[in-house]
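When the count follows our numbering, it moves up by one through the sequence shown with no breaks and lands on 613 for the last residue.
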Amino acid sequence: SCSPIHLRSILISKMAYILGISAFYHDSAACLIKDGEIIAATQEERFTRKKHDESYPFNSIKFILDHTGLKLNEIDKIVFYEKPFLKFERLLETYLSVAPRGYMSFSRAIPVWLNEKLFLKNNLIKFLKTNDKNFSNIKNIYFSEHHMSHAASAFFPSPFEEAIILTADGVGEWATTTIAHGKDNRVEILEEIHFPHSLGLLYSAFTYYTGFKVNGGEYKLMGLAPYGQPIYEKKIIENLIDIKDDGSFNLNQDYFNYATGLTMTNKKFDKLFGFPRRNPQKTELNKFYMDIAASIQTVTEKIMLKLTKNIKKKYNIKNLCLAGGVALNCVANGKIQEQKIFDNIWVQPASGDSGGSLGSALALWYNEMKNERTVKKEDSMKCSYLGPEYSEEEVQKILSNIGANFKVYNKEDLINETADEIKKGKAIGWFQGRMEFGPRALGCRSILGDPRSGDMQRILNLKVKFRESFRPFAPSVLREDVNEWFDLNVDSPYMLMVSKVKRNKLKDNHKEVEEAEGLKKLDINKSDIPAVTHVDYTARIQTVSKNNGIYYDLIKKFKEKTGCPILINTSFNVRGEPIVNTPVDAYKCFMSTNLDCLIIENCFLKKEDQIKF
């Protein structure tokens with residue numbers, strides 16, 4: 001990899017295209033920018049249908065090349081989102097520090113590194129040639145640092161000329177948490193916390209302990225937390241993590257196994273809490289695991305609040321940008337917003353490793369090439385609508401070829417008919433425009449429903465999504481109406497802020513909810529919009545504006561018909577599968593679930609009209 005000094009000396013002229021790549025760990029992705037503008041970005045999982053796919057993003061790069069009509073040799077720079085040599089250094093130092101303990105993990109990891117990951121540039125060249133056999137620009141491959149990629153992805157698309165940037169995740173090369181300063185066309189990392197001390201890995205350890213999958217089940221842990229009480233908070237703080245006044249921390253490695261083992265936690269961890277790790281095939285989610293979820297969520301929120309309060313006091317900058325996997329903890333984000341620590345907060349919608357592809361490209365363009373940055377008032381992320389799209393003609397041809405029965409509507413009739421079906425309590429598959437970049441469906445690849453329905457959360461979870469009944473759904477609300485329904489009055493376009501439902505929208509049954517145990521809380525209607533009101537009276541909010549196109553028009557039409565400016569919005573997929581990418585994916589999901597209607601561009605499908613095979 002090239003040093004920053006070497007990069008600056010060779011990057012003298014303004015470049016047009018930069019391709020960013022993240023891969024080989026989880027959530028691989030590719031992104032293309034042109035003169036600093038984001039042109040396209042997508043995750044590999046959407047094409048391969050393998051959730052959190054870590055493989056080289058062949059299909060994502062193919063989409064970018066097809067979308068732009070470019071050849072790889074016409075792309076000026078290609079940049080990978082982290083530095084493998086630094087990561088290998090951390091791996092070796094960690095194993096040597098505990099040897100001979102950890103030999104089993106070491107013996108599995110080293111061959112993979114020596115054969116695939118260490119000499120990544122050579123392997124990348126081979127992979128890139130699978131996309132374009134004529135690729136020869138091998139001198140134009142560069143490497144960013146993992147947390148610089150996160151920090152750049154958070155700051156450069158933000159609407160701020162200056163901001164303090166907080167990134168937190170499992171681990172990059174060495175860093176697990178960083179504080180950076182972004183100003184104009186420059187991001188500089190100021191402070192770091194290093195492996196094995198990691199807020200992301202602490203949260204993932206509890207994800208593992210409660211029986212969910214690491215790097216995917218953290219959302220479930222966060223959704224489970226409100227069903228429990230944080231009765232183990234003190235035990236976590238006294239035994240597992242030493243939290244300093246400034247929010248920095250150290251983890252007690254006696255209880256963890258992730259540094260050199262094959263599991264996240266060990267027997268001492270089990271003994272501390274009195275129960276073994278939950279086996280999801282054998283053990284139900286009982287009160288103990290709910291209390292565990294509540295406890296680690298509370299600890300995480302307290303750390304994030306301490307960190308953000310300290311950096312506001314220390315650096316006195318009014319704007320905050322967030323990225324890294326921990327930034328997807330929208331409950332913690334909501335607490336930061338609620339306490340008004342900063343005047344403005346902006347969270348990168350693809351905060352995880354997939355967003356590293358974007359950040360690495362932007363870091364190269366601005367930090368190293370020193371190109372001028374113009375802060376735009378409009379959304380530089382383009383609502384995160386950066387993936388593939390299909391024309392109306394393409395959709396009609398595809399649906400006809402697979403034997404689907406559908407009606408074709410003009411836009412006005414399509415919106416009117418869809419709003420009517422939602423009002424009737426129907427579950428809708430909604431496929432419009434360009435696919436979203438990041439883990440959230442934001443109105444292009446969404447399942448929609450009526451938030452006023454007391455049964456809709458359970459129906460969608462059990463009969464459509466085939467997932468745990470406790471999982472909450474998000475409200476998409478018209479931006480102009482958000483403060484009428486929620487204790488929030490800022491933009492939240494990426495569903496990364498949690499806020500409470502307004503008191504005047506709640507039912508007068510708080511005592512009944514408090515006395516109900518565990519999942520029984522689900523059976524109680526808590527507000528005028530029960531399907532999107534979590535058991536703690538909060539909601540994960542997406543504000544929708546005219547920037548969201550037809551999705552805004554649909555919610556506005558639903559409001560005209562019902563007085564409610566809100567729709568349920570959940571990702572268009574079933575449990576264990578990525579969000580749908582193609583019309584064929586959408587139709588398969590439609591036919592294999594209890595979705596009532598499917599709308600793809602201007603084509604309207606009803607389940608009763610389809611021939612079942």
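Note that the Cβ used here is the ideal one computed from N, Cα and C, for glycine as well.
None of the values given here were measured: they were computed from a predicted structure.
Can you have a look at glutamine 337 and say buried or exposed, based on whether 16 or more other CB atoms are within 10 angstroms of its CB? buried
The stretch 177-195 in contact with the stretch 331-350 per 3-pair CB rule at 8 Å: no
Just the Cα atoms here: how many angstroms apart are threonine 593 and lysine 424? 18 Å
Using the C-alpha atoms, what's the distance from arginine 434 back to isoleucine 428? 18 Å
Residue span of the alpha helix (DSSP H) that contains lysine 588, given as start and end: 583-591
Rounded C-alpha distance that separates valine 501 from asparagine 509: 14 Å
Are three or more beta carbon pairs between the stretch 231-247 and the stretch 291-300 nearer than 8 Å? yes
Between the stretch 34-48 and the stretch 138-155, do at least 3 Cβ pairs fall closer than 8 Å? no
Apart from the five residues on each side of it in sequence, which residues of its chain come closer than 8 Å, Cβ to Cβ, to alanine 259? Thr94, Val98, Gly102, Phe195, Pro196, Gln253
In the structure shown, what three-state DSSP assignment does leucine 128 receive? helix
Nearest-angstrom Cα distance between arginine 278 and lysine 287? 12 Å
Excluding sequence positions up to five away, which residues of its chain have a Cβ less than 6 Å from the Cβ of lysine 607? Asp596
Between arginine 540 and proline 493, how many whole angstroms is the CB-CB distance? I'm expecting something under 8 Å. Between proline 493 and arginine 540 the Cβ distance is about 13 Å, and since that is not below 8 Å, they are no contact.
Can you list the beta strand (DSSP E) stretches of 3 or more residues lying completely in the stretch 199-285, in chain order? 241-243, 249-251
Output the distance between the C-alpha atoms of lysine 511 and methionine 495, rounded to the nearest integer angstrom. 29 Å
Excluding the 5 residues preceding and the 5 following leucine 124 in the sequence, name in chain order all residues of the same chain whose CB lies nearer than 7 Å to its CB. Phe80, Ile141
Identify, in the order they occur along the chain, each residue of the same chain with its Cβ nearer than 7 Å to the Cβ of alanine 163, setting aside the five sequence neighbours on each side. Phe155, Gly182, Ile317, Asn319, Leu320, Cys321
Separation of leucine 358 from aspartate 616, as counted between CA atoms: Examination of residue 616 is not possible in this model, given that the chain is present from 1 through 613 alone.
Beta-bridge partners of serine 497, as assigned by DSSP: The sequence given here has methionine at residue 497, not serine. Ile541, per the DSSP bridge assignment.
Should glutamine 339 be labelled buried (16 or more other beta-carbon atoms within 10 Å of its own) or exposed? exposed
For phenylalanine 466, collect the residues of the same chain with a Cβ closer than 7 Å to its Cβ; drop the 5 residues on either side in sequence, then sort them by chain order. Val574, Arg575
Could you check whether arginine 440 and proline 349 sit closer than 8 Å to each other, using their CB atoms as the reference points? yes
Would you say histidine 146 and glycine 172 are within 8 Å of each other, going by their C-beta atoms? yes
Along the chain, which unbroken stretches of the alpha helix (DSSP H) at least 4 residues long are found entirely within the stretch 363-432? 392-401, 411-423
Enumerated in chain order, which unbroken segments of the beta strand (DSSP E) with a length of 3 residues or greater are wholly contained in the stretch 16-55? 17-22, 29-34, 37-43
Going by the beta-carbon positions, is the gap between glutamate 82 and phenylalanine 143 smaller than 8 Å? yes
Report the residue from Ile611, Val477, Thr538, Ala41 whose alpha carbon sits nearest the alpha carbon of asparagine 569. Val477
One or two residues paired with serine 107 in a DSSP bridge: Answer is none; serine 107 lacks a bridge partner.
Same chain, Cβ closer than 6 Å to tyrosine 209, neighbours up to 5 away in sequence not counted: Thr265, Arg277
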